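Novice: All residue numbers for the sequence shown refer to my numbering, where the first residue is 2 and numbers rise by one.
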Amino acid sequence: MSICINKNGDIFVELININEDQVDQVDLEFPITHSLVVAKSRDGFLLLFNSWRQQWEVTGGILEPGETLRECALREMLEETNQIPARIEFKGLMKFVLKNGKTEYGGLFSADIDTERPFIKNNEANSIIFWNGTNDIGYINEIDKELLKYY
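Below, the structure written as structure tokens:
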């Protein structure tokens, strides 16, 4: 059973509901590789247009050595969108089975953005949007769209 499959064949299998301080204690058969953030302001959900994949997605990325899931989430949000959340909350561990057969876990956070900061174009993101959830903005990765429900 899975929650969502994107057009590339990547599968969002489940969200494991644990506390952030339990992450290091849980026995997982596959690595925790990244953090994602579902962020929202008064204008809508924060999405970035990924210039490599040519699609809208939530902010996030790969863990750096020695970095916590929270540190990764905050760093990636700032690097990709120039946004700093007023609140960030751990939602659990996501389990993914990728199209190449690899299985991995990632941390999921929700965040509130009280003050929208100017976007700074970077090598990963062409633009950002605070999406109202209904306007047609183009292709949004199906898994990322599903993750918005966990805000």
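Think of the CB as a built atom: it goes at the ideal place given N, C-alpha and C, for glycine as much as any other residue. Since the structure is predicted, the reported quantities are computational estimates derived from the model, not experimental observations.
Given a cut-off of 7 Å on the beta-carbon distance, is the pair VAL24 and LEU148 in contact?
Specialist: Counting from one through the sequence shown, the residue named residue 24 turns up at place 23. Counting from one through the sequence shown, the residue named residue 148 turns up at place 147. Cβ distance not < 7 Å, so VAL24 and LEU148 don't count as in contact.
Novice: Within the same chain, show all residues whose beta-carbon is closer than 7 Å to that of ASN123, passing over the 5 residues directly before and after it, in chain order.
Specialist: Counting from one through the sequence shown, the residue named residue 123 turns up at place 122. Only GLU80 and GLU81 meet the Cβ criterion.
Novice: Only counting the same chain, and skipping five residues up and downstream in sequence, which positions put a Cβ closer than 8 Å to that of ILE33?
Specialist: By 1-based counting over the sequence shown, the position of residue 33 is 32. Around ILE33: VAL24, LEU64, LEU70, LEU94, GLU105, TYR106, GLY107 and GLY108.
Novice: Quick one: residues in its chain with C-beta nearer than 6 Å to the C-beta of GLN56, no 5 flanking neighbours on either side, listed in chain order?
Specialist: Taking the sequence shown and counting its residues from 1, the one referred to as residue 56 is at position 55. If you ignore the 5 residues before and after GLN56, its C-beta comes within less than 6 Å of the C-beta of TYR140 and ASN142, all in its own chain and listed in chain order.
Novice: At 3 residues or longer, what runs of the beta strand (DSSP E) sit wholly inside the segment 32-109?
Specialist: 33-42, 45-51, 56-58, 60-63 and 88-98
Novice: Under the rule that 16 or more other beta-carbon atoms within 10 Å means buried, what is PHE31, buried or exposed?
Specialist: Position 30 of the sequence shown, counting from 1, holds the residue named residue 31. When all chains shown are included, PHE31 counts as exposed.
Novice: Just to confirm, are GLY62 and GLU72 a CB contact at a threshold of 7 Å?
Specialist: Here residue 62 refers to the residue found at position 61 when the sequence shown is read from its first residue. Here residue 72 refers to the residue found at position 71 when the sequence shown is read from its first residue. In this structure, GLU72 does not lie closer than 7 Å to GLY62 by Cβ.
Novice: Within 10 angstroms of the Cβ of LEU49, are there 16 or more other Cβ atoms? Answer buried if so, exposed if not.
Specialist: As a first step, residue 49 must be located in the sequence shown, where it is residue number 48. When all chains shown are included, LEU49 counts as buried.
Novice: Using the rule of at least 16 other Cβ atoms within 10 Å of the residue's Cβ for burial, across every protein chain shown, is ILE138 buried or exposed?
Specialist: What you label residue 138 is simply residue 137 of the sequence shown in a count that begins at 1. Counting Cβ neighbours within 10 Å, ILE138 comes out exposed, since fewer than 16 surround it.
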